[in-house]
Amino acid sequence: MKPTLRQLWAALGIPADYARTRGLPVQRVARSLVSVGPAADDGKPVRLAPRAAAAWRKMQAAAAADGVELLALSGYRSVARQARIIRRKLTAGENIGGILRLVAAPGCSEHHTGRAIDVGSPVYLQLDEHFARTAEFRWLKRHAARFGFHLSYPRRNHHGIGYEPWHWCWRA
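Residue numbers (this note's numbering): 10 to 181.
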């Protein structure tokens, strides 16, 4: 682990052995990013690594051909942004153990790679378990692997991160 990441974790109260005990690698930060359009919820640009972006566009088009609209909510996220998310939760009174069941530590988020995308639907833009009840999630479960996307955090995953039916990561 880089000294700066070690220092960041210490400042946030994240155990030094977090990555090892959770089986989460420290992720390589994307070097190149392209836009896949604005986020459906807040209009901010969603950026992915070029090959992940190409796969996302193909998957989105295939879903549309089946009458399903996949919406991008979030893509690349910097280590600093991940730290801000955790700081905001700490400031709101949440404890670090609870936070780390819902959010990967800075440095360990797949979003840093530019290969992870949070997906919503026209009728459901929230990042919570209810997305699993949508036609979009059912379509993703059946077809996403064909485009290289995989559900990173299914129920009872070995990383100890809560179920995230909206979070899909592209793997070459």
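Beta carbons are placed, not taken as given, at the ideal position from N, Cα and C, and that holds for glycine.
Remember, it's a predicted structure, so these values are computed and weren't measured experimentally.
Next item on the list: Report back the beta-carbon spacing between Leu-57 and Gly-129 to the nearest angstrom; my notes put them in contact at under 8 angstroms.
Entry: At roughly 15 angstroms, the Cβ-Cβ gap does not stay under 8 angstroms, so Leu-57 and Gly-129 are not in contact.
Notebook entry, point to check: What number of angstroms, rounded off, separates the C-alpha of Arg-66 from the C-alpha of Arg-124?
Noted result: 13 angstroms
Item checked: Span of the beta strand (DSSP E), counted from its first residue to its last, around Leu-160 -> 158–160
Check: Between the region 136–149 and the region 72–88, do three or more beta carbon pairs fall short of 8 angstroms?
Finding: yes
Notebook entry, point to check: Nearest CA to the CA of Glu-173: which residue from Phe-146, Gly-157, Arg-155 and Ala-153?
Noted result: Phe-146
Check: Which whole-angstrom value describes the C-beta separation of Ala-89 and Leu-21, a residue pair presumed to lie in contact below a C-beta threshold of 8 angstroms?
Finding: Ala-89 to Leu-21, Cβ: 12 angstroms. No contact.
Margin query: Can you find the residues in the same chain that come closer than 6 angstroms, C-beta to C-beta, to Arg-110, ignoring five residues on each side of it along the sequence?
Written below: Gly-171
Notebook entry, point to check: If you compare alpha carbons, which of Ile-126, Ala-28 and Gln-36 is closest to His-167?
Noted result: Ala-28
Check: When the Cα of Ser-87 is compared with those of Asp-26, Asp-127, Ile-105 and Val-38, which residue comes out closest?
Finding: Val-38
Notebook entry, point to check: Leaving out the 5 sequence neighbours to the left and right, which residues in its chain are closer than 7 angstroms to Ala-61 when beta-carbon positions are compared?
Noted result: Gly-123, Arg-124 and Trp-179
Item checked: DSSP state of Leu-14 mapped onto helix, strand, coil -> helix
Item checked: Proximal residues to Leu-33 (C-beta, below 7 angstroms), its chain only, five neighbours per side dropped -> Ala-113, Cys-117 and His-168
Checklist line | Ile-126 in three-state terms, based on DSSP | finding: strand
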